[in-house]
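One structure below.
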Amino acid sequence: MHSKPLGTFARHANVYDIERNGEDRAKVTTSLTVYYTTPDGGTKVFAVGKCFDEVDISGDLPLIADREVRLETREGGIGSIVPM
23 MHSKPLGTFA RHANVYDIER NGEDRAKVTT SLTVYYTTPD GGTKVFAVGK
73 CFDEVDISGD LPLIADREVR LETREGGIGS IVPM
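Residue 54 in our numbering sits at position 32 of the sequence shown, with consecutive numbering throughout.
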């Protein structure tokens, strides 16, 4: 059974590396931290990881062509369905 804890989640992303991969692609590395705030106001770090994106920059707007998320956190809980 899937479960979502009561409370709210906040995500903080920090892009720290952009590398052009040809004329129409870029590889982007982003650190990711997800915070969880309980209904009574306590906050803790829920997850930490990195996003590895390949971005299509050939058009007017950059578009994510591929994304891999690697979490360093291993305690997400059984059946947790929190989007990173």
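Here a beta-carbon is modelled for each residue, glycine too, at the ideal position from N, C-alpha and C.
Predicted model only: the values in this text are computed from it and were never measured.
Nearest-angstrom Cβ-Cβ length linking residue i and residue j, presumed shorter than 8 Å
i: D39; j: T55; result: Wrong, their Cβ atoms sit about 17 Å apart, outside the cutoff.
i: E66; j: S53; result: Per the sequence shown, the amino acid found at residue 66 is Lys instead of Glu. Rounded, the Cβ-Cβ distance is 18 Å, inconsistent with contact.
i: V70; j: E41; result: 22 Å between Cβ atoms; not a contact.
Residue i in three-state terms, based on DSSP
i: E90; result: strand
i: N36; result: strand
i: S53; result: strand
i: K66; result: strand
i: D46; result: coil
i: T95; result: coil
Rounded straight-line distance, which links the Cα of residue j to that of residue i
i: G63; j: D82; result: 42 Å
i: E76; j: D88; result: 5 Å
i: V37; j: A48; result: 13 Å
i: F74; j: D46; result: 17 Å
Closest by C-alpha distance to residue i, when choosing among the options
i: N43; options: I79, T59 and R33; result: I79
i: K26; options: P61, R47, K49 and V37; result: P61
Proximal residues to residue i (C-beta, below 6 Å), its chain only, five neighbours per side dropped
i: A35; result: T52 and L54
Proximity test, Cβ basis, 9 Å: residue i and chain D
i: K72; result: No chain D appears in the structure shown, which is made up of a single protein chain.
Residues of its chain near residue i, where Cβ-Cβ distance is below 7 Å and the 5 sequence neighbours each way are ignored
i: I86; result: D75 and V77
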